[in-house]
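Working notes, structure below.
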Ligand code: NAD
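Residue numbers (our numbering): -14 to 317.
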């Protein structure tokens, strides 16, 4: 089948080409994001393969359908950027990769915690500069802290397992209880209690209307002062302006994010010679206790291989007219 890939980088092409050796799919890789301006590139492709920052709103889906697209294969787990109702209306099936490596994302979240706590980003630069002073790098033992896990699905569970190994007290908030997390001793509480008790909170729930700006001015007021907030899920879970206020008042003591509300305009690109126009992002960057990575939590060899394998298997199901276990039907 002819498949048009959007938002591709060399590593996407390499992993899909390797995994396609036993398949017979024909790929067209576009670097461009899928937007109303670029949607014409998909003309005549029955399958479009898209990623987290592609624009899959009603208008784009209608154009895709008009130009012959029948399957939207998301090569990611989250699908908050897809208007599922419109896709169904225009007869476009949507599939995704629900799990490729929950370890990759959970381990990155832990990496952000260690980096912020022990100020490894500053330590690295100091030593490179022959500055061997440790003043200002004081951290705390993670052992014995209370860690709040918001969303205890696949990634939240891996994260809880790692933090259990550190000797943390685990509390969690989710709409469903996960028996694996309960077996670690994780205690489910409501969100305000989780915020008031946690030394570290890590977000692992999907972005949906019910989780949009879950961390906002009000919830920041409910936090234990000086708490560490980690977000490797989706940028829209945090109201960035409220987080900036929380950092200024020191209610938030540390912020580690791999995702950002307005990331579509900046992440995945080398803008080192450009003037960044997003003042909110620049303000966030200016705090000494904020670490930002550019949506790389998923980015391991294992995850890329699994993403390509599962996406190609989803497309094979569609081609053969088989039901696909990874089809998304409704927003959950
Ligand atoms: P999952 O479906 O296994 O788990 C999500 C959990 O969130 C579920 O237990 C669900 O019940 C819970 N949840 C749903 N609505 C909730 C709500 N309103 N409040 C609290 N909990 C709620 O998904 P997962 O594989 O663990 O992935 C979680 C998220 O991680 C994805 O939705 C995606 O946005 C993000 N993600 C980020 C990266 C990255 O590279 N940064 C990579 C993969 C996934």
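Beta carbons: idealized from backbone N, C-alpha and C, even for Gly.
Quiz item: Can residue 191 be considered in contact with the ligand NAD, in the sense that its beta carbon sits closer than 7 Å to one or more heavy atoms?
Solution: yes
Practice problem: Under 7 Å Cβ to Cβ from residue 151, same chain only, skipping five residues before and after it: list those, please. | Solution: 127 and 128
Quiz prompt | Nearest-angstrom beta carbon gap, residue 134 and residue 171 [assumed within contact, 8 Å] | solution = 7 Å
Self-check item: At least three beta-carbon pairs within less than 8 Å, the segment 156 to 173 to the segment 204 to 212
Solution: no
Quiz item: Does the ligand NAD have even one heavy atom less than 7 Å from the beta-carbon of residue 168?
Solution: Not under cutoff, so the answer is no.
Exercise. Determine the contact status of residue 59 and residue 35, defining contact as a CB-CB distance below 8 Å.
Key: yes
Practice problem: Enumerate in chain order the residues of its own chain whose CB-to-CB distance from residue 173 is below 6 Å, with the five nearest sequence positions on each side excluded. | Solution: 157 and 162
Quiz item: Mapping DSSP to helix, strand and coil, what is residue 317?
Solution: Residue confidence is low: residue 317 scores 47 on pLDDT, short of 50, so the model does not pin down where it sits. No coordinate-derived value is stated.
Quiz item: Is residue 299 near residue 67, with beta carbons less than 8 Å apart?
Solution: No, Cβ-Cβ distance for residue 299 and residue 67 is not below 8 Å.
Quiz item: Say the cut is 7 Å; is the CB of residue 138 nearer than that to a heavy atom of the ligand NAD?
Solution: yes
Practice problem: Report yes or no: do the segment 198 to 209 and the segment 222 to 232 share at least 3 C-beta pairs separated by less than 8 Å? | Solution: yes
Exercise. Give me the Cα-Cα distance between residue 139 and residue 115, rounded to the nearest whole angstrom.
Key: 42 Å
Quiz item: Do the segment 14 to 22 and the segment 35 to 52 meet, that is, are 3 or more Cβ pairs less than 8 Å apart?
Solution: yes
Self-check item: Secondary structure, beta strand (DSSP E): runs of 3+ residues fully inside the segment 253 to 314
Solution: 275 to 277
Practice problem: Starting from the Cα of residue 65, find the closest Cα among 10, 12 and 218 and give me that residue. | Solution: 218
Self-check item: Local conformation of residue 119 per DSSP, three classes
Solution: Coil.
Practice problem: Identify the continuous beta strand (DSSP E) that holds residue 45 and give its terminal residues. | Solution: Unbroken run through residue 45 is the alpha helix (DSSP H), 43 to 51; no beta strand (DSSP E).
Quiz item: Can you name the residues that DSSP bridges to residue 187?
Solution: 134 and 215
Quiz prompt | residue 28 Cβ short of 7 Å to the ligand NAD heavy atom set | solution = no
Quiz item: Is the CB-CB distance between residue 215 and residue 244 below 8 Å?
Solution: Contact flag unset, no.
Quiz prompt | Nearest candidate by alpha-carbon position, reference residue 198, set 226, 41, 57 and 69 | solution = 226
Exercise. Taking only runs that begin and end inside the segment 75 to 127, name each unbroken beta strand (DSSP E) of 3 or more residues, in chain order.
Key: You should have 78 to 80.
Quiz item: Taking the alpha helix (DSSP H) that residue 220 falls in, what are its first and last residues?
Solution: It is not in any alpha helix (DSSP H) - residue 220 carries neither H nor E in the DSSP assignment.
Practice problem: Using 7 Å as the cut-off, classify the Cβ of residue 252 as near or not near the heavy atoms of the ligand NAD, replying yes or no. | Solution: no
Practice problem: Mark residue 317 as exposed unless 16 or more other C-beta atoms lie within 10 angstroms of its C-beta, in which case mark it buried. | Solution: Only weak support is given to the placement of residue 317: the predicted model assigns it a pLDDT of 47, under 50, and the value that follows is read from those uncertain coordinates. Per the 10 Å Cβ criterion, exposed.
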